[in-house]
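Its first residue numbered 1, the sequence shown is counted upward by one per residue in the UniProt record's numbering.
Glycine included, every Cβ here is placed at the ideal spot set by N, Cα and C.
Model, not experiment: these values are computed from the prediction.
Here is the structure we will look at.
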Amino acid sequence: MSRLPPLNALRVFNAAARHLNFSLAAKELCVTHSAVSHQIRHLEDWMGCTLFVRHAGGVRLTDAGQSLQQTTQQAFGMLETRCIEIMTRREPARLGLGAPASFLANWLIPRIEKFENHHPDITLKLQTSTSIADLLNHNVDAIILAGSNWPAGVTAVPLFAETIGPVCAATLAEKITSPADIGRNAILNTSSRPGAWADWVKAQKTDQAPNHTSTANASTSTSTSPTGRQFDHLGLMLEAAIAGLGIAIAPELLVTQELYRNRLHAPLGFVPSGASFCLCYRKDDPENPQMTSLLAWLRDEAGLDVEVEAKTKA
1 MSRLPPLNAL
11 RVFNAAARHL
21 NFSLAAKELC
31 VTHSAVSHQI
41 RHLEDWMGCT
51 LFVRHAGGVR
61 LTDAGQSLQQ
71 TTQQAFGMLE
81 TRCIEIMTRR
91 EPARLGLGAP
101 ASFLANWLIP
111 RIEKFENHHP
121 DITLKLQTST
131 SIADLLNHNV
141 DAIILAGSNW
151 PAGVTAVPLF
161 AETIGPVCAA
171 TLAEKITSPA
181 DIGRNAILNT
191 SSRPGAWADW
201 VKAQKTDQAP
211 NHTSTANAST
221 STSTSPTGRQ
231 FDHLGLMLEA
241 AIAGLGIAIA
251 PELLVTQELY
261 RNRLHAPLGF
271 VPSGASFCLC
281 YRKDDPENPQ
291 MTSLLAWLRD
301 EAGLDVEVEA
311 KTKA
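Following this line, the structure appears as structure tokens:
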């Protein structure tokens with residue numbers, strides 16, 4: 001059972017105690033003078049003591065009234081502060097961001113805390129995705145992919161140029177000194193990037209293509225159909241390369257951790273593929289300030305990477 005007096009009576013008392021004037025309290029509360037007097041009498045009856053002393057010049061607080069005012073002033077002040085906090089509090093905006101698993105693991109996730117510190121009002125929901133269809137089907141709000149030709153309904157903002165190259169286990173890397181050596185080994189491909197080998201051959205400016213890779217249409221890599229061991233996802237192809245099952249072709253950005261750990265080696269280095277990693281979002285989406293913030297941050301981070309790489313090679 002509650003031992004509190006009626007809260008409305010306490011509210012009226014708090015106003016009257018601040019003004020030491022029933023008329024001013026009535027004006028603040030938008031009630032009549034008699035309504036204030038009624039609530040004060042009701043509260044005094046409930047408390048069993050006098051809270052105000054009435055005199056010709058107005059009213060003054062008794063000792064009990066002064067004690068109660070200190071408490072009501074603090075309590076109503078805390079209530080007001082908390083109510084304002086709740087009313088103005090905004091839930092972080094959520095953005096669904098898709099990217100290949102290797103990109104998430106090697107590039108984005110190590111930086112995610114930095115993004116959150118810069119943008120506490122935005123929550124990124126990360127999702128593994130390798131297809132622009134996930135964006136067009138509204139499975140994600142934005143997606144980071146490497147490419148150069150995008151559907152008409154997509155805005156693609158370049159972040160950094162893609163470089164690609166053959167990667168393999170150390171035992172195979174020791175035997176590869178030129179592009180011609182690639183074809184003496186099993187070739188690994190991923191269906192998510194069927195033209196990767198052809199892009200690499202074109203970038204090499206050589207006709208010494210891997211024997212297991214069709215290069216008849218190397219100028220249009222999307223029409224190239226590589227043979228050899230085929231995998232649905234880049235991650236699976238890289239695991240096969242780590243296990244020594246053949247030589248994979250992969251973007252440098254997505255294998256940096258494996259190279260650092262010596263699980264993979266790049267015997268011929270990496271060359272520009274002609275594509276770029278881009279942040280893609282739908283053109284028909286309304287203008288989104290969170291997307292603008294995400295894009296600005298991504299471009300800043302990509303710029304830092306390019307700057308570090310340039311200094312490293314200088």
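| Query | Result |
| --- | --- |
| When you compare each of 166, 84, 262, 158 to residue 182 by their alpha carbons, which one comes out closest? | 166 |
| The beta strand (DSSP E) with residue 123 in it runs from where to where? | 122-128 |
| So what does DSSP say about residue 132, is it helix, strand or coil? | coil |
| Between the alpha carbons of residue 61 and residue 30, how many angstroms are there, rounded? | 22 Å |
| Rounded to the nearest angstrom, how far is the Cβ of residue 36 from that of residue 22, given a contact under 8 Å? | 5 Å |
| If residue 97 and residue 126 are in contact, beta carbons under 8 Å, what's the gap, nearest whole angstrom? | 6 Å |
| Are at least three pairs of beta-carbons, each pair with one atom in the stretch 104-111 and one in the stretch 62-80, less than 8 Å apart? | no |
| Assign residue 193 to buried or exposed, taking buried as 16 or more other Cβ atoms, counted over all protein chains shown, within 10 Å of its Cβ. | buried |
| What number of angstroms, rounded off, separates the C-alpha of residue 275 from the C-alpha of residue 303? | 17 Å |
| Tell me whether the beta-carbon of residue 72 lies closer than 8 Å to the beta-carbon of residue 10. | yes |
| Rank 129, 147, 149 by C-alpha distance to the C-alpha of residue 141 and give the top, closest one. | 129 |
| Taking the C-alpha atoms as reference points, what is the distance between residue 100 and residue 88? | 37 Å |
| According to DSSP, simplified to helix, strand and coil, what is residue 337? | Residue 337 is absent from the structure shown; the chain starts at 1 and stops at 314. |
| Rounded to whole angstroms, what is the Cα-Cα separation between residue 54 and residue 39? | 15 Å |
| Can you tell me the Cα-Cα spacing of residue 287 and residue 267, whole angstroms? | 45 Å |
| Are the CB atoms of residue 231 and residue 159 nearer to each other than 8 Å? | no |
| Residue 229 and residue 262: beta carbons closer than 8 Å? | no |
| Please classify residue 211 as buried or exposed, where buried requires at least 16 other C-beta atoms within 10 Å of its C-beta. | Residue placement at residue 211 cannot be trusted, given a pLDDT of 47 that sits under 50; what the coordinates show is reported in the next sentence. Exposed. |
| Taking DSSP's pairing of strands, which residues face residue 76 in a bridge? | None; residue 76 has no bridge partner. |
| Going by DSSP, what residue range makes up the beta strand (DSSP E) through residue 60? | 58-61 |
| Report the residue from 200, 170, 269, 66 whose alpha carbon sits nearest the alpha carbon of residue 13. | 66 |
| Does residue 138 come out as helix, strand or coil in the three-state DSSP assignment? | coil |
| Do you know whose CA, among 5, 139, 25, lies nearest residue 43's CA? | 5 |
| Sorted by chain position, which residues of the same chain lie with C-beta nearer than 8 Å to residue 271's C-beta, five sequence neighbours on each side aside? | 163, 164, 165, 200, 203, 204 |
| Whole angstroms are fine: how far does the CA of residue 197 sit from the CA of residue 285? | 35 Å |
| How many Å lie between residue 59 and residue 24 at the Cα? | 12 Å |
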